[in-house]
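Residue numbers (full-length UniProt numbering): 1 to 619.
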């Protein structure tokens, strides 16, 4: 028996301050080699690397938290508890350093089969998402706003704990007047039937933990006292504010608005190593910086190459086209010697490249479809999307087919007043393209699907829906006659025709009546009628093949909407295609410093937050 798994996520979260200006797809052509753009006499800029602060490595040691004289946690010290606590001093490249307390609550594997789902976390060495058996809270202490004292534990203190070491230390943390801790992971779903932590983590009706204090009360303390498995001098050196690196900054400023001139200047001035993947962000600015520049730095080198090519001179001559001296086309012969071919990296050429898409298994497509229809029945209108137009065609077609099948089976044997209708599913395109396709079908009814180009979803269903809207309007009488075949195309265009604006108005009305609109992230952001439907009518978002969608595309669909979001995709998490990933400039600096962030899909990034994931198993 073969087990195939797919990830599902049902998420309702807020993403603030993220309305990114995203780019339309670009065609990538062969890129000149680095040597082609290096001019004689150009000063070589040394490669910029991550700053070296001569800091100790990250420290993570078991401890027990004292709450009014009572121990909390301490599994690593041999206390009879399932709650593990540890002190953390995070020091890693390209990240903010901090001192923190880590609390881990057990998360049994059997809760997945009860419908809770499976939680994941990032495995440090491999930087991949792996299943978790704990729910982790990280209490971060503020920089420079705390006082820390250290004192060696007595032999009596050490003797209380079976797994204690010879040298242990009491660490007391006092928060300043206006200082507050921040907590990563608080408020995430948790399930462990029969364990007291299920009540502790239930908000807002949390149960008490110790001395009448709930978990939030413990986190809000102004004084924290820990007994730590480490010598006093070691902790003073490795778990102190002085042991932390300065605040991390990507170095691209606070202005992240779209500005080609600023981007080009930053490409020239802000150079260096590739940043490590950021699985979480301390500020909205760092989040927007990483996402925006991962896109910008993937295509700006093309813009620069284009500008450079406009200034290059080469030998060529024109050959007159003998067919017509007035032709606007001319043959141009350019000499391409061996040196020319050395300057071209054909491995980067579009004709040799492939685009890797992580798609759903064909056996599992009905599950995501059923989930979207269920979302439509419970929360209301749904905006459905995917990484590519082809994925959208497939998704919308399956939604339409499954909806009809469900309604047909449901209505068997029911009275007319007890039946239900199928969902009206609209595959959204550019409004002008829809209008042009509609007029093509009026002129050439035999075209059928070809009126809308290569897309096989297109106009026919739309035309049938149009009949209801057209029925009672006098100004559309001649259009109705053409649709019904009573007059020819020549007769129709020979008289008063319906303007494009009116056709597009009717198409917009049709879209407004839809239960589910399927479109690409780009069109949902740039087409006014689709954007308005998303912001004003959609009550849920559904993403298929989310393992092949970038975070920028997800944010353009879901960002700032505050609606539930359903994502589905394969669990392999294949890195997204990034043409500039391995590219360096003439000085060895990475062209795309955010390449690792750009290759992480929306599904993979959200999975690593620890949100429960539904894994579909099929035989």
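Glycine included, C-beta positions come from ideal geometry on N, C-alpha and C.
Taking every protein chain shown into account, the CB of residue 400 has 16 or more other CB atoms within 10 angstroms, so this residue is buried.
Fully enclosed alpha helix (DSSP H) runs of no fewer than 4 residues occupy 197-200, 215-219 of the region 193-221, in order along the chain.
Annotation: the continuous beta strand (DSSP E) that includes residue 120 extends over 120-123.
For residue 551, the enclosing alpha helix (DSSP H) has its first and last residue at 551-558. Nearest C-alpha to residue 144 among 157, 243, 75: 243. The secondary-structure analysis by DSSP pairs residue 223 across a beta bridge with 174.
If you compare the alpha carbons of 172, 386, 367, 566 with that of residue 550, the shortest gap goes to 386. Nearest in C-alpha terms to residue 130, of all of 617, 475, 604, is 604.
Proximity of the region 120-138 to the region 607-616 meets the contact definition, three or more beta-carbon pairs being nearer than 8 Å.
For residue 198, the closest alpha carbon among the candidates 101, 190, 205 is that of 190.
Between the C-alpha atoms of residue 241 and residue 61 there is a straight-line separation of about 17 Å.
Under the DSSP assignment, residue 595 falls in the alpha helix (DSSP H) whose first and last residues are 595-598. Residue 383: not part of any alpha helix (DSSP H); member of the beta strand (DSSP E) spanning 382-385, first to last residue. Look at residue 140 here: in three-state DSSP terms it is strand. In the three-state scheme derived from DSSP, where H, G and I count as helix and E and B as strand, residue 60 is classed as strand. Nearest to residue 430 by C-alpha distance, out of 230, 270, 84, 521, is 521. The three-state reading of DSSP puts residue 98 in strand, counting E and B together.
Taking 8 Å as the cut-off, the beta carbon of residue 101 is found closer than this to the beta carbon of residue 139.
For residue 528, the uninterrupted alpha helix (DSSP H) run begins and ends at 528-536, by DSSP. The shortest CA-to-CA distance from residue 161 to any of 228, 498, 617, 98 is the one to 228. Nearest to residue 570 by C-alpha distance, out of 532, 421, 616, 500, is 616.
A residue is called buried when at least 16 other Cβ atoms come within 10 angstroms of its Cβ; residue 548 meets this threshold and is buried. Residue 260 sits exposed, since fewer than 16 C-beta atoms from the chains shown fall within 10 Å of its C-beta. With 16 or more other CB atoms across the displayed protein chains lying within 10 angstroms of its CB, residue 597 is buried. Here residue 395 is not bridged, per DSSP, to any residue.
Taken atom to atom, the span from the alpha-carbon of residue 536 to that of residue 432 is near 22 Å. Looking at the DSSP output, residue 66 shares a beta bridge with 71, 225.
Contact annotation: residue 428 and residue 508 have beta-carbon atoms that are not nearer than 8 Å. Within the region 478-535, the complete beta strand (DSSP E) segments at least 3 residues long are 516-518, listed from N- to C-terminus.
Straight-line measurement puts the Cα of residue 593 at about 38 Å from the Cα of residue 316.
A distance below 8 Å separates the beta carbons of residue 274 and residue 595. In the DSSP assignment, residue 83 falls outside any beta strand (DSSP E) and carries neither an H nor an E. Around the CB of residue 309, fewer than 16 other CB atoms lie within 10 Å, so the residue is classed as exposed. Sixteen is the threshold: since fewer than 16 other Cβ atoms of the shown chains lie within 10 Å of the Cβ of residue 151, the residue is exposed. Rounded to whole angstroms, the gap between the alpha carbons of residue 554 and residue 153 is 51 Å. Shown here, residue 420 sits in coil according to DSSP, grouped into three states, outside any helix or strand.
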